[in-house]
Each structure stands twice: as structure tokens, then as C-alpha cells.
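Q: Residues 1 to 589 (full-length UniProt numbering) make up the sequence shown, in order. For each residue, glycine too, the CB sits at the ideal point set by N, CA and C.
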Amino acid sequence: MTDDTATDRLTELAKRRGFFFQSSEAYGGVSGFYVYGPEGATLKENLEDAWRDRFVRREGHMEIEAPNVMPEPVFEASGHLDGFDDMIVECPECGASHRADHIVEDNTDIEEAESIAIEDIEEIIAENDLVCPSCGTELAGEPVDDFNLMFETNIGPGSSSPGYLRPETAQGIFVEFPRLKEYARGQLPFGVAQIGAAYRNEISPRKGLVRLREFAQAELEHFVDPETDEPDLESVADVEVTLYSEARQDDADGEPVEMTVGEAVAEGVVGSDWVGYYLGVAQGWYERIGVDMDRFRFRQHRSGELAHYAADCWDAEAEIGGDWIEITGFAYRGDYDLSKHGEYADDDFTIFKQYDDPITVERATVDPDMSYLGPEFGGDAAAVGEALEDLAERDRSAFEGDEVTVAVAGEEYTVPVEKTGFSVDEITEAGEHVTPHVVEPSFGVDRLVYTVLAHSLTQDDAGESGADEDEDEERTVLTLPPELAPTTVAVFPLMDKDGLGERAGEIAERLRRAGFEVAEDASGSIGRRYRRQDEVGTPYCVTVDYDTLEGDTVTIRDRDTTAQTRVGVDDLPGVVADLRAGETTVGDL
Ligand code: GAP
1 MTDDTATDRL
11 TELAKRRGFF
21 FQSSEAYGGV
31 SGFYVYGPEG
41 ATLKENLEDA
51 WRDRFVRREG
61 HMEIEAPNVM
71 PEPVFEASGH
81 LDGFDDMIVE
91 CPECGASHRA
101 DHIVEDNTDI
111 EEAESIAIED
121 IEEIIAENDL
131 VCPSCGTELA
141 GEPVDDFNLM
151 FETNIGPGSS
161 SPGYLRPETA
171 QGIFVEFPRL
181 KEYARGQLPF
191 GVAQIGAAYR
201 NEISPRKGLV
211 RLREFAQAEL
221 EHFVDPETDE
231 PDLESVADVE
241 VTLYSEARQD
251 DADGEPVEMT
261 VGEAVAEGVV
271 GSDWVGYYLG
281 VAQGWYERIG
291 VDMDRFRFRQ
301 HRSGELAHYA
311 ADCWDAEAEI
321 GGDWIEITGF
331 AYRGDYDLSK
341 HGEYADDDFT
351 IFKQYDDPIT
361 VERATVDPDM
371 SYLGPEFGGD
381 AAAVGEALED
391 LAERDRSAFE
401 GDEVTVAVAG
411 EEYTVPVEKT
421 GFSVDEITEA
431 GEHVTPHVVE
441 PSFGVDRLVY
451 TVLAHSLTQD
461 DAGESGADED
471 EDEERTVLTL
481 PPELAPTTVA
491 VFPLMDKDGL
501 GERAGEIAER
511 LRRAGFEVAE
521 DASGSIGRRY
531 RRQDEVGTPY
541 CVTVDYDTLE
551 GDTVTIRDRD
561 TTAQTRVGVD
571 DLPGVVADLR
581 AGETTVGDL
């Protein structure tokens with residue numbers, strides 16, 4: 001299959017079989033908003049459960065669910081109001097808006113144009129005679145502007161309280177840090193996860209689930225003390241990863257390299273051992289959910305590409321239809337977010353770190369005489385008092401003379417030292433306040449669903465399947481891992497007569513009670529019914545025939561090998577559980 005045929009086939013299958021399709025089609029459709037159909041919704045839920053299992057439960061983290069709408073001050077503090085922009089260029093002829101960096105990437109050899117300055121993008125557009133993708137009009141000379149990606153709304157009637165749909169679930173965690181740290185008993189490190197919707201008013205949504213305006217993220221914010229906390233690097237040290245570092249990308253002949261996580265951290269290819277740890281954990285998880293690891297790599301962000309909050313970032317990328325798609329970002333956010341919210345909000349975004357033994361320190365403090373500062377400095381008196389306090393902490397020698405001078409809003413104020421209440425005292429401290437650093441693996445759920453579907457979609461040549469199958473029919477198979485498959489087992493009566501249909505219904509019910517997602521299908525040939533289940537990824541099909549009525553056994557058939565065997569009806573729930581857990585195979589039964 002060519003790249004385009006494979007992607008088209010996936011889109012067609014997704015719509016026909018109910019994985020995903022564009023929303024509001026009855027009203028002409030709206031770009032960037034998709035519906036998960038019955039198969040897709042279950043697949044997405046199973047994928048989220050697999051994520052929860054690995055990144056929350058097994059890591060011992062907590063999970064929360066915060067609102068999608070947050071007030072404007074949150075995004076002033078987080079930097080999204082100022083810095084969460086994409087480059088937009090508008091066609092002078094047809095008026096269509098496009099992402100300027102995408103036009104550059106799609107029509108030149110330049111990759112990651114997002115990291116290029118706006119003025120340079122304008123020049124590249126002009127020099128390369130780039131045109132509007134919608135109507136072909138030349139874009140040379142058209143201004144490229146910043147476009148903020150957040151969806152704005154009003155909280156309550158009127159416009160006095162603007163709010164925004166969160167552009168990342170992360171902010172719902174950071175803002176609640178003062179309370180969340182209590183649930184962690186004030187002890188670092190601890191991690192808080194959230195799976196939920198994020199919203200970005202993308203300029204040009206594209207490629208189905210890849211660039212959406214409403215999408216789901218599974219994010220983990222791991223709060224650590226950078227001085228003392230270390231990840232369990234040993235547990236992932238031997239994991240082999242494919243790394244495409246910034247240096248390799250800058251080198252014209254640079255290719256990604258394969259190395260272990262241990263080597264990558266030791267050699268400084270991955271600068272943070274926390275990021276290294278999560279690359280290792282994630283590598284195993286991607287394999288578990290069916291990402292084709294021959295079409296996968298970790299790519300480091302170039303410096304111009306880094307988000308405003310990130311000190312370093314590696315993306316997990318999967319190849320689909322010839323393009324590399326970012327499916328996860330692993331960012332080292334440092335203390336950026338908690339410091340910012342600490343600065344803007346009225347709460348404490350630090351952790352109190354207790355010393356092993358209390359220490360005695362000399363501390364310089366002031367206790368300004370406000371009966372002097374008030375009449376002398378009027379409305380600036382309080383700010384002068386705060387400036388004196390800052391100065392005492394920074395430079396106590398400034399108080400050695402008779403007068404001390406501080407600057408407030410660019411103006412200097414001189415105060416007699418005797419009116420400052422300056423003193424140096426010995427105090428005993430039990431600990432200190434530290435602002436935790438944040439390590440953030442941030443997974444795009446929809447892109448993962450898309451990747452898993454694209455990488456599991458296979459086309460058998462006619463005649464490759466086993467006995468009892470339609471030999472001359474091409475077989476479309478989704479080789480989804482059983483853990484993710486929307487349906488675990490399908491139950492078919494050989495024919496819908498002589499009580500076979502009723503018996504099949506009883507067996508299906510029994511499997512449902514055992515906790516499996518079960519489908520029933522009694523129409524068409526058995527071969528046709530296998531095909532229908534193969535293309536939605538059902539790993540096991542059970543056929544109820546005349547031997548079932550006599551001997552209480554059924555055949556069970558494996559999707560990938562098409563191997564079949566007979567098992568007792570009483571054993572069936574246990575057998576399916578073992579198969580699903582990978583403890584046995586139909587061939588081995
Ligand atoms: N909190 C960090 C953060 O939001 P990001 O790299 O902007 O980082 C994380 O987003 C993940 O969310 C990406 O790796 C991608 O999988 C997914 N994502 C981002 N924008 C998306 C969009 N418009 N449509 C679908 N998924 C998107």
C-alpha cells in the first residue's frame with residue numbers, strides 16, 4: 001500500500017466501522033472537531049486505561065479531574081496569553097488563513113519551521129515564491145502575524161470575567177498545587193496526572209485526529225526536588241531507544257542513533273535523568289499498545305522550538321503516511337509554572353523542606369516606622385517598606401550608614417536608618433521553602449489512537465487465511481493488542497437454527513458477566529463474520545456449532561494467525577482471560 005492509500009483506507013474504515021468521523025456533518029462539518037463512534041470510543045477508553053495503569057497506578061501517582069474553563073489570570077501567569085501563538089498568513093485573494101510555518105515546511109526542504117523567526121519566514125515565503133494552498137495566489141509581501149491559539153469565553157453574563165478553555169490540562173494541576181501538596185503530605189517527589197480535554201484554535205486543523213481543535217491529553221506533572229530527588233534510572237537503563245538529538249538534526253547527514261537510556265543519560269545526549277527515565281518507561285508502553293517501533297523515534301526540540309515554559313523537551317514521534325507525528329512531549333519545565341503562579345496568585349506554591357537538624361542563621365530584618373514613612377512618602381510608603389525589607393535580605397551593608405536609599409517604580413527614596421527598624425538576629429530554622437521542579441510527560445490521546453490504528457492496519461493477500469475462511473477475499477485486519485481492542489471476543493452461531501442462536505447468546509452473556517466486551521453476529525457466512533471482526537481488531541472469535549450442543553465445546557479462532565482450536569464452554573472465560581493477558585496463544589491451547 002502507498003502512504004496515501006494507507007491513510008485513505010484508515011479514514012474510510014474509521015468512518016464505516018465507527019472509529020471516528022468529522023463532527024456536525026449535517027451542518028457542513030467543522031474542521032478540527034471529531035466524534036469517536038462506538039468502536040473508537042471504546043478503543044480510546046482502553047488506551048486511556050492502559051496509560052493510567054502504567055503512568056499513574058504503577059508509578060504510585062495520583063489522578064485528578066479539573067475544569068476545562070479557567071479564568072484569565074491563570075493564563076496571564078502561565079504565559080499562554082502572551083506566548084501561546086502560531087504564525088498566521090492570510091491570502092490577499094481568497095482570504096483563507098494558513099499556518100505560515102506549515103506552508104514553508106510543505107514546500108521547501110526546511111523542517112521544523114516553527115522555530116524560525118517571523119521576519120525570516122516572511123523572507124522565505126517571498127524568496128521561494130510560495131503560494132496560498134487554497135487558491136494558488138502568491139503570498140510574497142503578505143504579513144505573517146502571531147495568532148493566539150486559546151479559545152476565549154465569558155464566565156457568567158457580561159464580559160467582566162473573561163475565561164479560556166484550557167490549552168493544556170497541565171494548568172488544572174499547577175493551579176491546584178497548594179492543595180495537592182497537602183494530599184502528598186508536603187513530601188516531594190509526587191506526581192499528579194490528568195486525562196481530559198484541551199482546546200486550541202488551530203489555524204489549519206488537518207489529517208483527521210492529528211491536528212484537532214478539541215483533543216484529549218493524558219498528562220503527568222511530576223513534582224521533584226532538583227537537588228535531592230532522583231528517578232529509578234536503573235530500572236530503564238538497558239532500554240534501547242532511538243534518539244534524534246538537536247545536534248544530529250543540525251548535522252546535514254545526521255541520523256537518529258540507537259542507544260540505551262543509561263548511555264543516553266551518561267553521555268549527556270538526554271540532559272535530564274528524569275526525562276531519560278520517562279523515555280525508558282514510555283518506550284515499553286508504546287510497544288505494549290501496539291506502536292510499530294520501527295516507525296518510531298524520540299526527537300529533541302531545537303532551542304527555537306521550545307515552548308515558553310520548557311527548559312528541554314523530547315518528542316515521541318511516530319511515522320504515519322510518510323510524516324513524523326508528535327505523539328508525546330517529554331518536557332523539563334523546571335520551576336517555571338509554580339514560580340509564576342506563586343508570583344501571580346495569592347497562595348503558596350512551594351514545599352516546606354524540613355532539615356534533618358534545625359540550623360541557626362543570622363537574619364537581617366526591618367520593622368519600618370510607618371508614622372515616619374507615611375507622612376514622608378504618602379501612597380508609596382508601603383512599597384518603600386517592602387523595598388527596605390528586600391534590601392535587608394540582599395545587602396545588609398546598605399544599612400551601615402545613617403541613611404539608606406531604595407528605588408520604587410524608578411524613583412529613589414532615602415530613609416534614616418534609625419527609622420527602618422533594621423536589626424540582625426540569630427534565628428533557628430527547621431527547614432526552607434523550595435519551589436519544586438516539574439517533569440512532564442504529555443501524551444496526545446487522539447494522536448495515539450490514530451497511530452495505533454495506522455500501525456495496526458494490515459492487508460492480507462487473498463488466500464493467506466486459514467481453513468473455514470473466504471480464501472479468495474482480501475483480509476483487512478487491525479492487529480490491535482487485545483488489551484486495546486474494542487471487542488475482546490465475538491460469538492457466532494454456525495447457523496441461526498436448531499437452538500444454536502440461543503446457545504450462542506447464553507455463551508456471550510456468560511463472557512460479558514466475566515467482564516469482557518463481547519459482540520454477537522449471526523448473519524452471513526462464518527468467513528464473512530470473521531472478516532467483519534478482523535477489521536475492527538477483535539482478537540478472538542468463538543463459533544457455536546452442533547458439537548457445542550452435544551459436547552459443550554466451541555471453536556476459538558485467533559485473529560492474527562487464524563489458528564483455531566476447540567475448548568470447553570466452562571473453560572472459555574478463563575481461556576479468554578489468559579489469551580488476553582498474553583499468557584497463552586490459541587496455537588498453544
Ligand atoms: N502540557 C504540555 C503540552 O501541552 P504539547 O506538546 O503542546 O505539550 C502535548 O502537547 C501533546 O498533545 C502533543 O504531543 C500531541 O500529541 C497532543 N496535541 C497537541 N496539540 C494537538 C492538536 N491540535 N490536536 C491533537 N493533539 C494535539
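Taking 7 angstroms as the threshold (C-beta atoms), are Lys353 and Val434 in contact?
A: Start at 1 with the first residue of the sequence shown, and residue 434 comes out as number 434. Start at 1 with the first residue of the sequence shown, and residue 353 comes out as number 353. Result yes, Cβ atoms of Val434 and Lys353 sit closer than 7 angstroms.
Q: Between Gln564 and ligand 1, is the CB less than 6 angstroms from at least one heavy atom?
A: In the sequence shown, counting from the first residue as 1, residue 564 sits at position 564. It does not: the Cβ of Gln564 is nowhere closer than 6 angstroms to a heavy atom of ligand 1.
Q: Quick one: does the C-beta of Asp446 sit closer than 6 angstroms to a heavy atom of ligand 1?
A: Stepping through the sequence shown from its first residue, residue 446 is reached at position 446. Asp446: yes, Cβ under 6 angstroms from ligand 1.
Q: To which residues of the same chain is His102 closer than 7 angstroms at the C-beta, ignoring the five residues directly before and after it?
A: Translated into the one-based positions of the sequence shown, residue 102 becomes position 102. Ser204.
Q: Within 10 angstroms of the Cβ of Gln217, are there 16 or more other Cβ atoms? Answer buried if so, exposed if not.
A: Start at 1 with the first residue of the sequence shown, and residue 217 comes out as number 217. Gln217 comes out buried.
Q: Compute the beta-carbon to beta-carbon distance between Ser272 and Tyr336, rounded to the nearest angstrom, for a pair I have assumed lies under 8 angstroms.
A: Position 272 of the sequence shown, counting from 1, holds the residue named residue 272. Position 336 of the sequence shown, counting from 1, holds the residue named residue 336. At roughly 14 angstroms, the Cβ-Cβ gap does not stay under 8 angstroms, so Ser272 and Tyr336 are not in contact.
Q: Using only the heavy atoms of ligand 1, determine whether one of them is closer than 6 angstroms to the beta carbon of Phe84.
A: Residue numbering aside, residue 84 sits at position 84 when the sequence shown is read from its first letter. No, ligand 1 has no heavy atom inside 6 angstroms of this Cβ.
Q: Would you be able to state if there are at least three C-beta pairs under 8 angstroms between the region 577-587 and the region 477-493?
A: yes
Q: Pair every Cβ in the region 410-423 with every Cβ in the region 372-389, then say whether three or more of these pairs are closer than 8 angstroms.
A: yes
Q: From Ser235 to Asp146, what does the alpha carbon distance come to, in whole angstroms?
A: In the sequence shown, residue 235 corresponds to position 235, counting from 1. In the sequence shown, residue 146 corresponds to position 146, counting from 1. Cα to Cα, Ser235 sits roughly 43 angstroms from Asp146.
Q: Can you tell which of Ser134, Gly83 and Asp106 has its C-alpha closest to the C-alpha of Pro92?
A: The count along the sequence shown starts at 1 and reaches residue 92 at position 92. Of Ser134, Gly83 and Asp106, the residue nearest in Cα terms is Ser134.
Q: Might you give, ordered along the chain, the residues of its own chain that have their beta carbon closer than 7 angstroms to the beta carbon of Arg17, omitting 5 neighbours on each side?
A: As a position in the sequence shown, residue 17 is number 17, starting the count at 1. Counting only Cβ-Cβ distances below 7 angstroms, and skipping sequence neighbours, we find Glu39, Glu535 and Val536.
Q: Ala467 to Lys44, Cα distance in whole Å?
A: Stepping through the sequence shown from its first residue, residue 467 is reached at position 467. Stepping through the sequence shown from its first residue, residue 44 is reached at position 44. With a pLDDT of only 47 at Ala467, under the threshold of 50, the placement of this residue in the model should not be trusted; the figure read from the coordinates follows. If I take the Cα positions, the gap works out to 33 angstroms.
Q: Kindly give me the distance between the Cβ atoms of Gln194 and Glu63, rounded to whole angstroms, as I take these residues to be in contact under 8 angstroms.
A: Numbered from its first residue, the sequence shown carries residue 194 at position 194. Numbered from its first residue, the sequence shown carries residue 63 at position 63. With a Cβ gap of about 7 angstroms, Gln194 and Glu63 count as contacting.
Q: Please go through the same chain and pick out, in chain order, the residues whose beta-carbon is closer than 6 angstroms to the beta-carbon of Glu123, but skip the five residues on each side of it.
A: As a first step, residue 123 is located in the sequence shown; it is residue number 123 there, counting from the start. If we look at Glu123 and ignore the five residues flanking it on each side, it has no Cβ neighbours.
Q: Quick check: is any heavy atom of ligand 1 less than 6 angstroms from the C-beta of Gly329?
A: Within the sequence shown, residue 329 is the residue found at index 329, counting from 1. It does: the Cβ of Gly329 is within 6 angstroms (strictly closer) of some heavy atom of ligand 1.
Q: Gly191 and His341 - do their beta-carbons sit closer together than 7 angstroms?
A: To locate residue 341, count along the sequence shown from 1; it is residue 341. To locate residue 191, count along the sequence shown from 1; it is residue 191. Their beta carbons are not under 7 angstroms apart, which means His341 does not touch Gly191 by this criterion.
Q: Quick one: grab the DSSP three-state call for Asn128.
A: Translated into the one-based positions of the sequence shown, residue 128 becomes position 128. If DSSP states are grouped into helix, strand and coil, Asn128 belongs with coil.
Q: Determine the DSSP secondary structure at Asp578, reduced to helix, strand or coil.
A: Locating residue 578 in the sequence shown gives position 578, counting from the first residue. Looking at Asp578 - three-state DSSP - the assignment turns out to be helix.
Q: Which residue from Thr543, Pro436, Ala66 and Arg9 puts its Cα closest to that of Gly196?
A: Translated into positions along the sequence shown, residue 196 becomes position 196. If we check each option's Cα against that of Gly196, Ala66 comes out closest.
Q: Is the CB-CB distance between Glu214 and Phe399 below 7 angstroms?
A: Here residue 214 corresponds to residue number 214 of the sequence shown, with the count starting at 1. Here residue 399 corresponds to residue number 399 of the sequence shown, with the count starting at 1. Here Glu214 is not near Phe399, since their CB atoms are 7 angstroms or more apart.
Q: Can you tell me which of the three DSSP states His437 falls into?
A: Position 437 of the sequence shown, counted from the start, is the residue given in the question as residue 437. Residue state for His437 is assigned as strand, using DSSP reduced to three classes.
Q: Is Asp552 near Val569, with beta carbons less than 7 angstroms apart?
A: Position 552 of the sequence shown, counted from the first residue, corresponds to residue 552. Position 569 of the sequence shown, counted from the first residue, corresponds to residue 569. In this structure, Val569 lies closer than 7 angstroms to Asp552 by Cβ.
Q: When the Cα atoms are used, what is the spatial distance from Tyr546 to Asp588?
A: Numbered from its first residue, the sequence shown carries residue 546 at position 546. Numbered from its first residue, the sequence shown carries residue 588 at position 588. The straight-line gap from Cα to Cα measures roughly 24 angstroms.
Q: Closer than 6 angstroms to a non-hydrogen atom of ligand 2 - does that hold for the CB of Gln249?
A: Only ligand 1 can be found as ligands here, which leaves ligand 2 out of the picture.
Q: With a threshold of 7 angstroms on Cβ separation, who are the neighbours of Pro167 within its own chain once the five nearest residues in sequence on each side are excluded?
A: Within the sequence shown, residue 167 is the residue found at index 167, counting from 1. Same-chain partners within the cutoff: His80, Phe84, Leu149, Met150, Ala198, Tyr199 and Arg200.
Q: Between Val439 and chain B, is there a C-beta pair that is closer than 7 angstroms?
A: No chain B appears in this structure, which consists of one protein chain only.
Q: Are the region 225-243 and the region 362-371 in contact at 8 angstroms, needing three or more beta carbon pairs?
A: no
Q: Considering Cα atoms alone, identify which of Glu418, Asp250, Tyr355 and Ala247 is closest to Glu403.
A: Sequence index remark: in the sequence shown, residue 403 carries index 403 (1-based). Distances from the alpha-carbon of Glu403 to those of Glu418, Asp250, Tyr355 and Ala247 put Glu418 closest.
Q: Measuring only the C-alpha atoms, how far is Val576 from Gly444?
A: Residue 576 sits at position 576 when you count from the first residue of the sequence shown. Residue 444 sits at position 444 when you count from the first residue of the sequence shown. Roughly 30 angstroms separates the two Cα atoms.
Q: Which two residues bound the contiguous beta strand (DSSP E) that contains Gly163?
A: Indexing the sequence shown from 1 puts residue 163 at position 163. From DSSP, the beta strand (DSSP E) with Gly163 extends over Pro162 to Leu165.
Q: Exposed or buried, which one is Ile359 when buried takes at least 16 other CB atoms within 10 Å?
A: As a working note, residue 359 is residue 359 in the sequence shown. Ile359 should be labelled exposed.
Q: Please report how far the alpha carbon of Val56 lies from the alpha carbon of Val438, in whole angstroms.
A: Position 56 of the sequence shown holds residue 56. Position 438 of the sequence shown holds residue 438. One C-alpha to the other measures close to 16 angstroms.
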